[in-house]
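**Student:** Have a look at this one before I ask anything.
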Amino acid sequence: MVDTFYRLVPLADATAVTIYNQVKSCLQEDNLSITKLIESCSLDKEKINYVKERCKNFVVELINQVQIRLPDNVETLLMLKSFHPSNATSQCKSSIVPIACRYKSTFQDIDELENEWSNLSFVQWPAACLGSTVSFWAEVNDHKTSAGEKKIPNVASLALSLLSLPLSNASIEIIFSQMNVVHSKLRNRLTVRSVEAILQIRYGLSLQSLSCVTFMPSPDMLENFSATKDPEKEEVDSDVEEILSLDIE
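Below, the structure written as C-alpha cells:
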C-alpha cells in the first residue's frame with residue numbers, strides 16, 4: 001500500500017507502469033479527472049504546466065521510494081504465490097523445480113518432490129482448508145497412508161519452510177522482545193530449548209485464543225510432567241545445552 005496525497009493505493013509491484021495505472025485507476029474510481037479539474041480552474045497556462053511537472057516528479061519520486069523500501073528477497077516473496085491452494089491444486093500449474101533448487105535443504109528428493117507436486121491436483125482436499133494457505137498445507141502435511149506414513153512429505157516440508165519465513169523485520173523484533181521478557185535477569189540461565197519451549201507455548205496459546213488460565217492440559221501432558229523421570233536418561237543435543245546468560249550488575 002502507498003499513502004498518496006488523498007488515499008491509500010494498493011500496489012502489486014513497484015514498476016512505474018503499475019504505480020501509474022493504480023493511481024490513475026483510483027482517481028477514476030473517485031471520479032477525479034485531472035483534465036476536468038484543469039479545464040474548470042482559472043489558472044494560466046504557465047501555472048498549469050507547473051502543476052503537471054510537480055505531478056510527474058511526484059510519481060517519479062514515489063517509484064524511487066517504493067523501490068528503496070522493497071526487501072532484497074522480494075523474489076522469494078513472489079514465489080509464495082505458487083503455494084496458494086488454488087494454484088497448488090490446479091492441473092495447469094508451473095513446475096516447482098526452480099523454487100526447490102534454491103531451497104534444497106528443506107526436502108530429500110527433488111524427483112519425488114516433483115511427483116508429489118503433480119499429484120496434489122488429484123487429491124480430493126476438504127473444501128474447508130482450500131480458503132486458507134496455512135490450513136491447506138497443514139492438511140497436506142497430515143495427509144498419510146493407511147500405514148501412517150506421510151504421502152506428500154517433500155512438498156509439505158518445502159511449502160511450510162517458505163511460508164514460515166518472516167516477511168519483515170518487525171516480526172523478528174517482536175520475537176526478540178518476547179524473548180527478552182522470558183529471559184530476564186531473574187531467569188538469567190536458561191537453555192536454548194527452555195527458551196524455545198516457553199516462546200512456543202506463548203505463541204501457541206495466543207493462536208488458539210487461550211491463556212495460562214483457560215488452557216486445560218491433557219492427561220498425557222500431566223503424565224509426562226513427572227519429577228520421577230531420570231534427567232540423565234534424556235538425550236539432549238550439545239547445542240541445546242548451551243546456556244543463555246545475562247550479565248547481572
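For the sequence shown, full-length UniProt numbering puts the final residue at 249, and the numbers step up evenly by one. Where is the CB? At the ideal position from N, CA and C, for every residue including glycine.
1. Measure the C-alpha to C-alpha separation of Asp135 and Gln200 and round it to an integer number of angstroms.
2. Would you check if the distance between the CB atom of Trp137 and the CB atom of Phe83 is smaller than 8 Å?
3. Relative to the C-alpha of Phe215, which candidate in Arg202, Phe225 and Ser94 has its C-alpha closest?
4. Rounded to whole angstroms, what is the Cα-Cα separation between Gln108 and Ile63?
5. Between Asn154 and Leu113, is the Cβ-Cβ spacing less than 8 Å?
6. Straight-line CA distance for Phe176 to Glu196?
7. Determine, using beta carbons only, whether Val182 and Ile198 come nearer to each other than 8 Å.
8. Per DSSP, what are the beta-bridge partners of Lys150 in this structure?
9. By the DSSP assignment, the alpha helix (DSSP H) with residue 250 in it spans what residues?
10. Compute the beta-carbon to beta-carbon distance between Glu116 and Ile68, rounded to the nearest angstrom, for a pair I have assumed lies under 8 Å.
11. According to the neighbour-count rule (16 or more other Cβ atoms, all chains shown, within 10 Å of its Cβ), is Leu162 buried or exposed?
12. What residue from Tyr103, Asp111 and Ser194 has the CA that sits closest to Leu158's CA?
13. Applying the 10 Å Cβ sphere with the 16-neighbour rule, what's the burial state of Val23?
14. Terminal residues of the continuous alpha helix (DSSP H) containing Pro219?
15. Indicate the three-state DSSP secondary structure (helix, strand or coil) for Thr15 in the structure shown.
16. Do Tyr20 and Val59 come within 8 Å of each other at the CB atom, strictly closer than that value?
17. Just the C-alpha distance for Arg189 and Ser209, rounded to the nearest angstrom, thanks.
18. Tell me the DSSP secondary structure of Phe215 in three-state form.
19. Quick check on Thr15: buried or exposed, where buried means 16 or more other Cβ atoms within 10 Å of its Cβ?
20. Using only the alpha-carbon positions, how far apart do Glu53 and Ser42 sit?
**Tutor:** In brief:
1. Indexing the sequence shown from 1 puts residue 135 at position 135. Indexing the sequence shown from 1 puts residue 200 at position 200. First, the amino acid is wrong: residue 135 is Ser here, not Asp. Approximately 19 Å, taken between the alpha carbons.
2. Translated into positions along the sequence shown, residue 137 becomes position 137. Translated into positions along the sequence shown, residue 83 becomes position 83. Yes. Within cutoff.
3. The count along the sequence shown starts at 1 and reaches residue 215 at position 215. Comparing Cα-Cα distances from Phe215 to each of Arg202, Phe225 and Ser94, the minimum goes to Arg202.
4. Your numbering for residue 108 matches position 108 in the sequence shown. Your numbering for residue 63 matches position 63 in the sequence shown. In a straight line, the C-alpha of Gln108 is about 41 Å away from that of Ile63.
5. Within the sequence shown, residue 154 is the residue found at index 154, counting from 1. Within the sequence shown, residue 113 is the residue found at index 113, counting from 1. A contact, by the Cβ cut-off of 8 Å.
6. Looking up residue 176 in the sequence shown gives position 176. Looking up residue 196 in the sequence shown gives position 196. If I take the Cα positions, the gap works out to 12 Å.
7. Residue mapping note: residue 182 aligns to position 182 of the sequence shown, counting from 1. Residue mapping note: residue 198 aligns to position 198 of the sequence shown, counting from 1. Yes.
8. Taking the first residue of the sequence shown as 1, we reach residue 150 at position 150. DSSP output for Lys150 lists Lys144 as bridge partner(s).
9. Here the chain comprises residues numbered 1 to 249, so residue 250 is not present and cannot be evaluated.
10. Sequence index remark: in the sequence shown, residue 116 carries index 116 (1-based). Sequence index remark: in the sequence shown, residue 68 carries index 68 (1-based). Wrong, their Cβ atoms sit about 39 Å apart, outside the cutoff.
11. Numbered from its first residue, the sequence shown carries residue 162 at position 162. Under this definition Leu162 is a buried residue.
12. Locating residue 158 in the sequence shown gives position 158, counting from the first residue. Comparing Cα-Cα distances from Leu158 to each of Tyr103, Asp111 and Ser194, the minimum goes to Tyr103.
13. Walking along the sequence shown from the start, residue 23 turns up at place 23. Per the 10 Å Cβ criterion, buried.
14. Within the sequence shown, residue 219 is the residue found at index 219, counting from 1. That run of the alpha helix (DSSP H) goes Pro219 to Asn224.
15. Indexing the sequence shown from 1 puts residue 15 at position 15. Coil at Thr15, not helix or strand.
16. Within the sequence shown, residue 59 is the residue found at index 59, counting from 1. Within the sequence shown, residue 20 is the residue found at index 20, counting from 1. Contact: yes.
17. Start at 1 with the first residue of the sequence shown, and residue 189 comes out as number 189. Start at 1 with the first residue of the sequence shown, and residue 209 comes out as number 209. The alpha-carbon atoms of Arg189 and Ser209 are separated by roughly 30 Å.
18. The residue given as residue 215 occupies position 215 in the sequence shown. Residue state, collapsed to three classes: coil.
19. Reading the sequence shown from its first residue, position 15 is the one you call residue 15. Classification of Thr15: exposed, given that the 10 Å Cβ count is below 16.
20. Sequence index remark: in the sequence shown, residue 53 carries index 53 (1-based). Sequence index remark: in the sequence shown, residue 42 carries index 42 (1-based). Cα-Cα distance, rounded: 18 Å.
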